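Using numbering that gives the first Met the number 0, read the sequence shown as starting at 0 and increasing by one per residue.
Glycine included, each C-beta is placed from N, C-alpha and C at the ideal position.
Treat the numbers as computed from the prediction; the structure is a model and nothing was measured.
Taking it in order: structure first as structure tokens, then the write-up.
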Amino acid sequence: MVLHEGERAMQIGEREWSVVQAMDGSRDVEGIALASRVATAHVRAFVEALEGLGLLGEDAEDAPPPAFAADRPVRALPGYRFTCDGRGACCATFSTVLFTPLEAARARAAAPEVEDGGHDAARVFTPAEGLDRTLQAVAMRDGACVYLGDDGCRIHAAAGAEAKPFGCRTFPMRFVDTGAEIRVAPRPECACVFAPGADPITDATRGGELPRALHVPTLGVVRMGPDEVTPGEFIAWCDARRPSADAAAWCA
Numbered sequence: 000m001v002l003h004e005g006e007r008a009m010q011i012g013e014r015e016w017s018v019v020q021a022m023d024g025s026r027d028v029e030g031i032a033l034a035s036r037v038a039t040a041h042v043r044a045f046v047e048a049l050e051g052l053g054l055l056g057e058d059a060e061d062a063p064p065p066a067f068a069a070d071r072p073v074r075a076l077p078g079y080r081f082t083c084d085g086r087g088a089c090c091a092t093f094s095t096v097l098f099t100p101l102e103a104a105r106a107r108a109a110a111p112e113v114e115d116g117g118h119d120a121a122r123v124f125t126p127a128e129g130l131d132r133t134l135q136a137v138a139m140r141d142g143a144c145v146y147l148g149d150d151g152c153r154i155h156a157a158a159g160a161e162a163k164p165f166g167c168r169t170f171p172m173r174f175v176d177t178g179a180e181i182r183v184a185p186r187p188e189c190a191c192v193f194a195p196g197a198d199p200i201t202d203a204t205r206g207g208e209l210p211r212a213l214h215v216p217t218l219g220v221v222r223m224g225p226d227e228v229t230p231g232e233f234i235a236w237c238d239a240r241r242p243s244a245d246a247a248a249w250c251a
């Protein structure tokens with residue numbers, strides 16, 4: 000696990016990551032040890048190392064709002080075109096497909112006959128995690144999205160491509176912010192990626208034109224440095240450098 004803070008980066012192990020996740024400002028060292036199931040002595044040494052680097056604050060902080068795409072130039076993979084074959088292979092690739100509550104309502108309205116979901120939402124959607132309904136996991140049938148029919152997506156057929164969940168509409172493209180521009184390229188997770196295509200992979204020319212729901216990760220190029228804090232046991236300090244155009248791979 001590599002954590003980024005400005006132009007610095009810190010590599011930590013699985014044990015240290017469990018400690019960091021428990022450090023929400025509401026626990027003392029003993030409480031962190033209990034929550035993370037890591038020995039108190041190890042937690043105390045790790046916390047002291049972080050404090051020595053100036054990485055600890057006094058109070059708990061609210062999570063920052065979701066980061067949207069920076070308004071940088073958008074550059075798609077040169078000369079590449081994509082066309083979906085409509086066979087639905089991607090609909091059966093993953094363990095589930097995620098919908099926002101609005102997307103779920105739109106799907107149920109477009110194809111109410113699917114599992115009688117138009118009358119009972121629980122037959123087609125359940126919370127993706129616990130009781131939090133921010134994201135809904137669609138029901139699966141024979142390993143595929145329940146809305147996949149013999150002729151393709153029933154939502155698409157009934158209401159058009161824009162009615163499908165955002166993840167389906169952008170798959171298999173990936174958008175990555177290199178620090179100078181936002182690059183777009185396909186993930187090699189679909190047979191259509193390797194077939195001749197006709198459609199541009201994005202019409203956007205700047206990040207400000209991209210939908211706010213799109214996740215655009217920042218590409219970080221990290222050069223490993225020597226251990227400086229508790230060598231070989233807790234954390235290894237690294238230098239992060241702004242990626243150059245040459246270093247930013249299309250399919251990062």
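Check	Outcome
Whole-number beta carbon distance between residue 206 and residue 70, since they are thought to touch under 8 Å	5 Å
Residue 11 - DSSP class collapsed to helix/strand/coil	strand
Euclidean distance between Cα positions of residue 130 and residue 197	42 Å
Helix, strand or coil at residue 113 [DSSP, three-state]	helix
Start-end ranges of the beta strand (DSSP E) lying completely within the stretch 119-165, minimum 3 residues	124-128, 131-137
Beta-carbon spacing of residue 35, residue 48 below 8 Å	no
Secondary structure of residue 84, DSSP reduced to three states	coil
Collapsed DSSP secondary structure at residue 193 in the structure displayed	helix
Counterpart residues of residue 98 in DSSP-defined beta bridges	135
Touching by the beta-carbon criterion (3+ pairs, under 8 Å), the stretch 135-153 and the stretch 113-127	yes
Local Cβ density within 10 Å of residue 119, reported as buried at 16 or more and exposed below that	exposed
Spatial distance of residue 180 from residue 202 (CA atoms)	15 Å
Straight-line Cα distance separating residue 164 from residue 15	36 Å
Close-in-space but distant-in-sequence residues of the same chain around residue 166 (CB under 8 Å, 5 per side omitted)	96, 97
Proximity of residue 37 and residue 17 at Cβ, strictly below 8 Å	yes
Pairwise C-alpha distance: residue 133 and residue 31	28 Å
Status (buried if at least 16 other CB within 10 Å, exposed otherwise) for residue 101	exposed
Residue 13 burial status per 10 Å Cβ neighbour count (16 or more: buried)	exposed
Pair within 8 Å by beta-carbon distance, residue 172 and residue 187	no
Neighbourhood of residue 244 by C-beta distance below 7 Å, restricted to the same chain and skipping five residues each side	Only weak support exists for where residue 244 lies, its pLDDT of 39 falling under 50; the coordinates are left without a value.
For residue 205: DSSP bridge partner residues	72
Contacting residues, own chain, Cβ-Cβ under 8 Å from residue 122 (five flanking each side not counted)	114, 115, 116, 138
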